[in-house]
Amino acid sequence: MAGIGLNLNAAVRSRKWWPEGAALAADFVNGRYMRDGAEVPFAAAFSFARNSPALLAAGGGRWANFDAGQLRRQAGLGALLEPATTNQSRGTIDIGGGGWTMPAGLSRTGNGSDGFVFSVGEAATGLLALEQYGNIDIPANEPGFFSFDLHDSGLRGAALWFSNVGYRADFSTQTGIANGTGENAVASMVALGGGWSRCRVRHVHSAATFAWRLKLGTSRSNSSYAAGDFVRLRLPQVELGRFSAPVVNASLTQAAVRAADQLAPVGGGVHDVEVHLGGGTIQGLAAVSGALPAAQLNETLVRRAFWFG
């Protein structure tokens, strides 16, 4: 009988998915939570707050909507924990509509969720620029992120231009390559699935204000267009800080704020926290009191986290 008891204890230990000594644990990939050595429902271990709705890239090129106060978790992926951010760009759900300058010879069909298709009516050369009215105000020498969704389509690419500062970033859906020239910038493309990519530029500029525009092109260096060429775009964003976050839908008249994600252990206390991030790295945070400090995380996607102490 003693041998059977030892085997049962070993089986129980083998089922634990949290490390020894953890007081609380969250496995966002599989939707499992622990407090005081036992699996419990989420609300028995953690509280969560966010005072605004938010989006999450849910695969297949889709953006999933989450209400205020709802944790952005995707099974098999993890959860997003982000600091507050503001989309300085206007009219994100209506790109090319009110508040945007449409170049002659370009027509628009589609919608904000599935993307607007911008089609060339007749052969042309030169710059086809879809420009937003007015300037974007970002303090000089502060980092900003500029982003939009681009679909693999007839024009096969697009470019992001910043007037007044001589900077351009080019994005090719043929090669998946982002390339940029200019001041202190990093350009990248992230595949969303379904033929969509999120095109992003982290840009530190010396000018205090500037305008931005999307250039439509047949390739990174080609500015000639044939009748019927088209490009599919959606959800432009301009934000301050070090994150290129999921889209924050903005109106035509004002910037839109997404509140911070606040995940805290029930009962409070001070803990050392081990955070397993989406890219595979592990980040340690010492003496965390209350909510996990999202602004200190090296990535916004969290797969698992463990609280000690």
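As numbered in the numbering used here, residues 361 to 669 make up the sequence shown, in order.
C-beta atoms are modelled at their ideal positions from N, C-alpha and C, and glycine is treated no differently.
Predicted model, so just to flag it, every value in this text is computed and none were measured.
Query	Result
Three-state class that DSSP yields for T452 in the structure shown	helix
Classification of Q448 by the beta-carbon crowding that lies within 10 angstroms, buried from 16 upward	buried
Stretch-stretch touch, CB-based, cutoff 8 angstroms, three pairs: the segment 654–667 with the segment 374–387	yes
The segment 416–436 / the segment 548–561 touching (three or more Cβ pairs under 8 angstroms)	yes
Cβ pair count under 8 angstroms reaching 3, the segment 645–659 against the segment 422–435	no
Between the CA atoms of L595 and P606 - distance to the nearest angstrom	10 angstroms
Identified DSSP bridge partners for T446	V617
Three-pair Cβ contact test at 8 angstroms for the segment 396–415 versus the segment 620–639	yes
Pair within 8 angstroms by beta-carbon distance, A469 and A616	Residue identity check: residue 469 is Thr in the sequence provided, not Ala. Contact flag unset, no.
Beta carbon of E659 nearer than 8 angstroms to that of G644	no
Element boundaries [beta strand (DSSP E), containing A646]	642–649
Distance between R395 and R618 (C-alpha atoms, nearest Å)	30 angstroms
Cβ-based neighbour list, D632, same chain, cut-off 8 angstroms, excluding 5 preceding and 5 following	G644, L645, A646, A647, V648, W667, F668, G669
Residue interval of the beta strand (DSSP E) (run including F478)	475–480
Sequence-distant residues of its chain with Cβ nearer than 6 angstroms to Q622 (five each side left out)	A409, A651
Integer Cβ distance of A484 from G465, believed to fall under 8 angstroms	6 angstroms
DSSP bridge partner residues for F402 (one or two, in chain order)	DSSP output for F402 lists no bridge partner at all.
Contacts around A428, its chain only, beta-carbon distance under 7 angstroms, and the 5 residues preceding and following it disregarded	R410, N411, S412, P413
Exposure of V635, with buried meaning 16 or more beta-carbon neighbours within 10 Å	buried
CB contact flag (G472, D454, <8 angstroms)	yes
Expected contact under 8 angstroms - CB spacing of L593 and F508 to nearest Å	6 angstroms
Which listed residue (H563, L441, C559, V630) has its alpha carbon closest to that of A500	H563
Three-state secondary structure assigned by DSSP to R560	strand
Extent of the continuous beta strand (DSSP E) run through W667	661–668
Beta-carbon gap between V389 and L437 smaller than 8 angstroms	yes
CA-to-CA distance, M549 to R558, given in whole angstroms	6 angstroms
DSSP bridge partner residues for W423 (one or two, in chain order)	A417
With 16 other Cβ atoms within 10 Å as the buried cut-off, status of S584	exposed
Backbone CA spacing between A385 and R560 [nearest angstrom]	33 angstroms
Cβ neighbour criterion (16 or more within 10 Å) applied to E442	buried
Exposure label - V630; buried when at least 16 CB within 10 Å	exposed
Where A439 falls: helix, strand or coil (DSSP)	strand
Collapsed DSSP secondary structure at A386 in the structure displayed	strand
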